[in-house]
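Beneath this line is the structure, given in structure tokens, with notes to follow.
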Amino acid sequence: MLKHLFAKEEDIPQGSAGIFFAISSICWFIIGTGLGSFNAAKLGFPDFFHGSYALQFGHMRQVHVHAVIFGWIAMAFAASMMYITPALGNTKLWSEKLGIWNCLLYNVGLCLALALLWSGITSGREYSDHIWPIDLYIAFVMVVPWSLNVWMTILNRRTQGIYTTNWFFAASMFMLIIVFLIGNMPEFLHLTGLNEAYMTWWFAHNVLGLLITPVAAAITYYIVPKVTGNPLYSHRVGHLHFWSIVVFYSTPAAHHLMSSPLPEWLKSFASVEGVLILVPAVAYVCNILLTMQGRWTMFVENIEIKFTITGVLLAIPLNMQGGFQQTRAINWYIHGTGWIVAHAHLALLGFSTFAEAAAVYYGLQVLLRRKLWSASLANFHFWMLLIGFSLYWISMTIAGLIQGAAKIYEVPYVDVVIAEHPYMIVRWLGGTMVFFGNIIWLFNMVMTARAGDPVPVGRQPAEVAYTR
Amino acid sequence: MAFREYRIGCVMFGVALSLSMFITIILPGIDISSMSSTKIALEKQLTYGWETGFNYYDPFLQGKDKPIKVTLTKDPKTGAAIDKMNAYVFPPGTHFPDGLTHDNILGGNVQVLSMSLGEINSASEEQGGVFTVDESEDGTPYIEYATITRGWTVDATLKAADHQSLAGSGKTMFVREGCWWCHTLLPEQTQDWQTFGRPPMVGDFNGESPTTFGSDRKAPDLLHVGSRNSSREWLTMHFFNPRLVQPHSIMPRYDYLWGKTDADGKTIDLAAWDVHYLAYAKGDEVYPPIVPTPAPDSEARMLIDFILNLK
Ligand code: HEM
Numbered sequence: 023m024l025k026h027l028f029a030k031e032e033d034i035p036q037g038s039a040g041i042f043f044a045i046s047s048i049c050w051f052i053i054g055t056g057l058g059s060f061n062a063a064k065l066g067f068p069d070f071f072h073g074s075y076a077l078q079f080g081h082m083r084q085v086h087v088h089a090v091i092f093g094w095i096a097m098a099f100a101a102s103m104m105y106i107t108p109a110l111g112n113t114k115l116w117s118e119k120l121g122i123w124n125c126l127l128y129n130v131g132l133c134l135a136l137a138l139l140w141s142g143i144t145s146g147r148e149y150s151d152h153i154w155p156i157d158l159y160i161a162f163v164m165v166v167p168w169s170l171n172v173w174m175t176i177l178n179r180r181t182q183g184i185y186t187t188n189w190f191f192a193a194s195m196f197m198l199i200i201v202f203l204i205g206n207m208p209e210f211l212h213l214t215g216l217n218e219a220y221m222t223w224w225f226a227h228n229v230l231g232l233l234i235t236p237v238a239a240a241i242t243y244y245i246v247p248k249v250t251g252n253p254l255y256s257h258r259v260g261h262l263h264f265w266s267i268v269v270f271y272s273t274p275a276a277h278h279l280m281s282s283p284l285p286e287w288l289k290s291f292a293s294v295e296g297v298l299i300l301v302p303a304v305a306y307v308c309n310i311l312l313t314m315q316g317r318w319t320m321f322v323e324n325i326e327i328k329f330t331i332t333g334v335l336l337a338i339p340l341n342m343q344g345g346f347q348q349t350r351a352i353n354w355y356i357h358g359t360g361w362i363v364a365h366a367h368l369a370l371l372g373f374s375t376f377a378e379a380a381a382v383y384y385g386l387q388v389l390l391r392r393k394l395w396s397a398s399l400a401n402f403h404f405w406m407l408l409i410g411f412s413l414y415w416i417s418m419t420i421a422g423l424i425q426g427a428a429k430i431y432e433v434p435y436v437d438v439v440i441a442e443h444p445y446m447i448v449r450w451l452g453g454t455m456v457f458f459g460n461i462i463w464l465f466n467m468v469m470t471a472r473a474g475d476p477v478p479v480g481r482q483p484a485e486v487a488y489t490r
Numbered sequence: 016m017a018f019r020e021y022r023i024g025c026v027m028f029g030v031a032l033s034l035s036m037f038i039t040i041i042l043p044g045i046d047i048s049s050m051s052s053t054k055i056a057l058e059k060q061l062t063y064g065w066e067t068g069f070n071y072y073d074p075f076l077q078g079k080d081k082p083i084k085v086t087l088t089k090d091p092k093t094g095a096a097i098d099k100m101n102a103y104v105f106p107p108g109t110h111f112p113d114g115l116t117h118d119n120i121l122g123g124n125v126q127v128l129s130m131s132l133g134e135i136n137s138a139s140e141e142q143g144g145v146f147t148v149d150e151s152e153d154g155t156p157y158i159e160y161a162t163i164t165r166g167w168t169v170d171a172t173l174k175a176a177d178h179q180s181l182a183g184s185g186k187t188m189f190v191r192e193g194c195w196w197c198h199t200l201l202p203e204q205t206q207d208w209q210t211f212g213r214p215p216m217v218g219d220f221n222g223e224s225p226t227t228f229g230s231d232r233k234a235p236d237l238l239h240v241g242s243r244n245s246s247r248e249w250l251t252m253h254f255f256n257p258r259l260v261q262p263h264s265i266m267p268r269y270d271y272l273w274g275k276t277d278a279d280g281k282t283i284d285l286a287a288w289d290v291h292y293l294a295y296a297k298g299d300e301v302y303p304p305i306v307p308t309p310a311p312d313s314e315a316r317m318l319i320d321f322i323l324n325l326k
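What follows is the structure in structure tokens.
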């Protein structure tokens, strides 16, 4: 990749940026889940690895969160956009060279950002933990060039309309930049007090709602029709999904602070809007599952569909939780407990990661024009992820319910800690499975690049998956 | 091609997003900003200073640029005995919290009184000064610039102080060490009154940054921990190794906040301490090793001051 940095645009093979982003994302996935597993071990066995003080839980937790969000999820998004956007516009990426520079500077910036967080240099705000110089770097060096590539590719498309996936990509990148710059106002402008607290969660909510959820969905809007060969069930429902995301997902930020002294009208408003998130959610899930009509065998046979549809199925409990857990009736019970951690991983490690993994699997095969080196290893990876995730989700949900019960009975807190201990261990085991699965994945993808069978021109990797 | 066919869509998108931001940022912003500070907010601002997260004046989060909270029982100027009270000392150059430098933070009458009775407008960061929190007859709290109103200088106040608390610097440790990933500073309105104490009110946060409520509770809420547990000895042992006092705790050890030497200037050997501790944990030794007393300028001292100050 690096040899292309100073090459002429015409000399850079198409898809280089996509490959670079895809491989980086897998590496960050390994690093991020490794850190997660380490943190989980610490919560199970607090004296595990003591003595290395840099490895304190309080220093490493946010490093895990940002490694998986910025490293894995966002880079997998970038990789997907770098190949899906041009494919849908029947054109090539606006600038491969920009893409490669973007990816390099992205990796460099992320390393720096995580190193600073690790050493405790933080803004003290959850999800906007990065200090403002890093925020500016992220916005203008990491995100703006990436968006530019997406927007310009769409503008230069050679098709009449814009397919659903591409509206989502273009709009989400725009919203990301706006949300990022406005959400970090507390730091840029030194906002204080409840304004600061509220804006922190405004950012956290919107970066999830306006970047991660819609882009992950947009990816599946591409992968499912492309691999199954079925047209998208309904573009109208796609419209409904898009517009209801913009309207309903951008408004409930205050539901993260239901038990804080924010103005009551704001909490009620957020809670109602939060339930309305079910509109895009239901529209989306139905649309994808109906697209599968007649091709359900592929759910078993095809690795990309297996990942994608599992993700979409996980979106069902995710949205049911999301819609209702922020109403006053339920929120007080589960707020601040392991339930929320379970929910966060259902969204990110469940729904979104499965969708992105499919996009990266598919993208690398298409860009390299090589068939997956080992379908068995890919299946193994799938099951490690699914079982690992399920262990994580179930154990943390139970831990959360225990904590919730403790709220009612007001037991001494340490009894809660004792009761949660077994679940902390299960969560650690589950997370570690995910980590090991990912190492296998990287190996499989490296072998695919080196030794995968070429996919004949004009054919899909899925069509030749089982031919030798 | 471009987005031509999509003009209406783009306009609608812009309108929808702007409206959403108007409702979720501008309106709450106006509402929240109109809240007057409570006494708690004034005390917090004066305890924590300008900014506790990353900033120019303390880029590595070492607890610099922070005021010192002192307890007084005699008047620093005259030496006469007074009722026990707190004062907040800003050595010259220490940055002031927003409430002292912006007119719209304290809110309504609090601002008016702080300027008229409290004379806060004559304070400057270069000179530093001493502040107190008072209440007017009708119960409105306000900040008083005691250097002008009572003639208390920085040096005299520090000298007259019975006790100096580095709670401001301690909050920096709280942020840097990520205590807020496990502990919250926000008893919940619905059920925490009994166990963790009174939840905060709207006006309790004016001027504080960051607020570090925490969102994820794996440990007791700390907002009022100083009221239920005010033993410096217990906290010292607990921070050095929580499992000395609470065998089931999952809290990390914070022994490295002690620095290289203890209060008596003796070198702290964490590895040797550990050998004895492990022997004790196994039952080979009867007593646990002694926990060193933190040096007065150590980060551990700052953190403990912060915790004890959470009343
Ligand atoms: C791509 C996969 C993953 C993503 C996107 C992800 C994301 C996150 C996020 C957003 C949080 C913050 C949760 C909250 O504040 O409610 C978090 C916390 C955490 N994650 Fe992950 N995670 C992933 C995988 C893992 C894995 C494999 C493990 C291994 C066990 C893990 C362990 C943890 C732990 C221990 C925490 C701290 C939870 C706490 O503070 O109670 N994560 N992660």
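Chain order of the listed sequences is A and B. Start counting the first sequence at 23; every next residue gets the next number (my numbering). Start counting the second sequence at 16; every next residue gets the next number (my numbering). Ideal Cβ placement from N, Cα and C applies to all residues, glycine included.
Taking the beta strand (DSSP E) that residue i belongs to, which residues open and close that run?
i: I305/B; result: I305/B -> no beta strand (DSSP E), and no H or E assigned at all.
i: S180/B; result: 178-180
i: M100/B; result: 96-105
i: F373/B; result: Limits of chain B in this structure are 16 at one end and 326 at the other, which puts residue 373/B out of reach.
i: E118/A; result: Note, E118/A: premise wrong, no beta strand (DSSP E); alpha helix (DSSP H) at 118-140.
i: E159/B; result: 156-160
Tell me, please, whether the CB atom of residue i is closer than 7 Å to any CB atom in chain A?
i: E300/B; result: no
i: V306/B; result: no
i: F105/B; result: no
i: W196/B; result: yes
i: H253/B; result: no
i: E203/B; result: yes
i: H263/B; result: yes
i: E314/B; result: no
i: Y271/B; result: yes
i: P156/B; result: no
Of all the CB atoms in chain B, is at least one closer than 7 Å to the CB of residue i?
i: E31/A; result: no
i: Y105/A; result: no
i: A275/A; result: yes
i: S150/A; result: no
i: I156/A; result: no
i: E218/A; result: yes
i: I143/A; result: yes
i: K429/A; result: yes
i: V268/A; result: yes
i: V436/A; result: yes
i: T214/A; result: yes
i: F283/A; result: In the sequence under discussion, the amino acid at residue 283/A is Pro, which differs from the Phe named in the question. Taking Cβ atoms only, chain B reaches closer than 7 Å to P283/A, which makes this a yes.
i: W140/A; result: no
Along the chain, where does the alpha helix (DSSP H) that runs through residue i open and close?
i: T88/B; result: First-last for T88/B: 83-89, but that is the beta strand (DSSP E), not the alpha helix (DSSP H).
i: Y243/A; result: 235-250
i: R22/B; result: 22-36
i: S59/A; result: 38-66
i: T116/B; result: 113-116
i: T72/B; result: Here residue 72/B is Tyr; the residue named in the question, Thr, does not match the sequence. That residue, Y72/B, is in no alpha helix (DSSP H); it is neither H nor E in DSSP.
i: T454/A; result: 435-473
For residue i, verify whether its CB is less than 6 Å away from any heavy atom of the ligand COA.
i: T375/A; result: Only the ligand HEM can be found as ligands here, which leaves the ligand COA out of the picture.
Interface positions of the region 68-84 of chain A facing chain B (Cβ-Cβ less than 9 Å), listed along the chain: P68, D69, H72, G73, Y75, Q78, F79, G80, H81, M82, R83, Q84
Report the residues of the region 207-229 of chain B with a CB closer than 8 Å to any CB of chain A, ordered along the chain. Answer in chain order: D207, Q209, T210, P214, P215, M216, V217, D219, F220, N221, G222, E223, S224, P225, T226, T227, F228, G229.
Interface residues of the region 60-74 of chain B facing chain A [CB-CB below 9 Å]: From the region 60-74 of chain B, only Q60, W65, E66, T67, G68, F69, N70, P74 have a Cβ closer than 9 Å to chain A.
Hey, which unbroken runs of the alpha helix (DSSP H) at 4 residues or more fall wholly within the region 151-217 of chain A? Qualifying alpha helix (DSSP H) stretches, in chain order: 154-159, 166-177, 186-205, 207-210.
Whole beta strand (DSSP E) runs in the region 261-321 of chain B with 3 or more residues, listed along the chain? Listed in chain order, nothing qualifies, since the region 261-321 of chain B has no complete beta strand (DSSP E) run of 3 or more residues.
Between the region 437-451 of chain A and chain B, which residues of the former have CB atoms less than 9 Å from a CB of the latter, in chain order? Per Cβ criterion, the list reads D437, V438, V439, I440, E442, H443, M446.
Given a limit of 7 Å on CB to CB distance, which residues of the region 128-144 of chain B reach chain A? none
Sequence ranges, beta strand (DSSP E) only - wholly within the region 272-334 of chain A, length at least 3: none
Threshold first: 3 residues or longer. Then list the beta strand (DSSP E) segments lying entirely within the region 169-255 of chain B, N to C. 178-180
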